[in-house]
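The opening residue of the sequence shown carries number 440 in my numbering; numbering runs sequentially from there.
Beneath this line is the structure, given in structure tokens, with notes to follow.
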Amino acid sequence: MLNGHLLTSTDTGLLTVTGQFETNGCVGTDTLIISSHPIPVPEITLADPVMCNGTSIQLTAIPPGGTFTILSGAGTLNGNVLTAMDIGPIQFAYMVEEHQCAGIVYGEFLVINPVAELIVDGDLLTSGSSVGVFQWLDCENNFEPLPDESNDTLMVTFPGTYALVNGAGDCIDTSACVQVALTGIQINETDQEIRIFPNPVSSRLFINGYDGLPVRELNLRNAIGEKVYTPVSYTHLRAHETPEHLVCRLLLEKKKKPTTNHNTH
């Protein structure tokens with residue numbers, strides 16, 4: 440595409456440009472053939488965007504032969520070797536030229552100090568470091584990752600044993616498992632879907648469903664997260680609906696051996 444004296448290539452291949460010059464009634468013509476090459480599209484070839492503080496890594500990209508440049512962050516470059524000097528992100532660019540056409544791509548490393556230390560404050564677990572790649576684990580379930588729990592804090596809503604992974608690849612640490620035994624049931628007053636009372640309980644525990652929501656299932660567990668089953672426990676469950684809401688009453692009664700046959704619901 441030609442705009443005045445500005446020629447812009449819109450595709451690859453050969454461009455034929457013809458120019459005329461006139462002076463003193465004489466016209467001169469010249470033709471120029473220009474090769475139009477594609478702009479290179481470089482790609483950074485790094486397996487893991489996480490590195491430990493104080494370590495170095497060899498930066499690689501395709502096509503080779505380009506130049507890496509640090510844009511921000513605490514790091515140094517010696518050729519293609521990047522050394523992390525502090526925790527936090529390091530942003531960098533890679534530029535490569537082919538046939539006098541330059542292509543550029545951007546990348547980022549997260550530099551961490553992978554120490555998975557836990558601070559326990561009741562039902563709140565907090566990582567000792569706020570910078571990292573986090574994943575909380577359920578120690579009692581074969582160390583399965585907890586879904587959507589990848590922040591530096593974990594609000595425990597169920598008694599159990601939990602651990603934290605900080606890092607990725609070769610820069611990783613896993614904390615020891617810590618046990619959380621909830622001593623109370625916290626209900627968000629702004630989202631009252633259920634209400635449980637009294638707490639603590641000595642004889643009867645009431646579970647009320649709001650806005651006509653039925654209580655479909657109840658699981659009874661002890662303070663360390665173990666499921667309590669009948670007939671080992673002394674529990675009997677009875678439920679009925681009222682016009683206002685569904686009330687499930689969990690009666691902690693010692694089970695007695697029945698003297699007559701009857702159906703239990």
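Each residue gets a CB set at the ideal place from its N, CA and C atoms; glycine is no exception.
Treat the numbers as computed from the prediction; the structure is a model and nothing was measured.
From the DSSP output, in three-state form, read off residue i for me.
i	result
Glu482	strand
Asn517	strand
Ser614	coil
Gly458	strand
Met426	Any question about residue 426 goes unanswered here, given that the chain covers just 440 to 704.
Thr508	strand
Asp630	Because the pLDDT of Asp630 is 48, which lies under 50, any placement of that residue in the model is unreliable, and the number read from its coordinates should be weighed accordingly. Asp630 falls in the coil class under three-state DSSP.
Ala532	strand
Gln497	strand
Met440	coil
Leu453	strand
Thr470	strand
Ser448	coil
Less than 8 Å between the C-beta atoms of residue i and residue j, yes or no?
i	j	result
Glu579	Gly599	yes
Leu503	Glu537	Checking the sequence shown, residue 503 turns out to be Pro, not Leu. No.
Ser614	Ala602	yes
Met534	Gly514	no
Leu485	Thr499	yes
Asn605	Ser568	yes
Am I right that residue i and residue j are in contact with their C-beta atoms under 8 Å? What's the rounded C-beta distance?
i	j	result
Pro477	Glu547	Actually they do not touch by this definition, with Cβ atoms about 26 Å apart.
Ser566	Asp587	About 16 Å separates the two Cβ atoms, so there is no contact after all.
Asp525	Val554	Actually they are not in contact, since the Cβ atoms of Asp525 and Val554 sit about 15 Å apart, beyond 8 Å.
Leu510	Gln539	About 24 Å; that fails the 8 Å criterion.
Leu564	Val617	7 Å
Val705	Ile611	With the chain covering 440 to 704 only, the question about residue 705 has no answer from this structure.
Pro479	Gly542	4 Å
For chain B, find out if any of its Cβ atoms is closer than 8 Å to the Cβ of residue i; answer yes or no.
i	result
Asp609	Among the chains of the structure shown, chain B does not appear; only one protein chain is present.
Please go through the region 542-606 and give each complete beta strand (DSSP E) segment of 3 or more residues, from N-terminal end onward. 557-560, 563-566, 573-577 and 592-594
With a cut-off of 8 Å, do at least 3 Cβ pairs link the region 518-538 to the region 449-460? Taking 8 Å as the limit for Cβ pairs, the verdict is that the region 449-460 does not touch the region 518-538.
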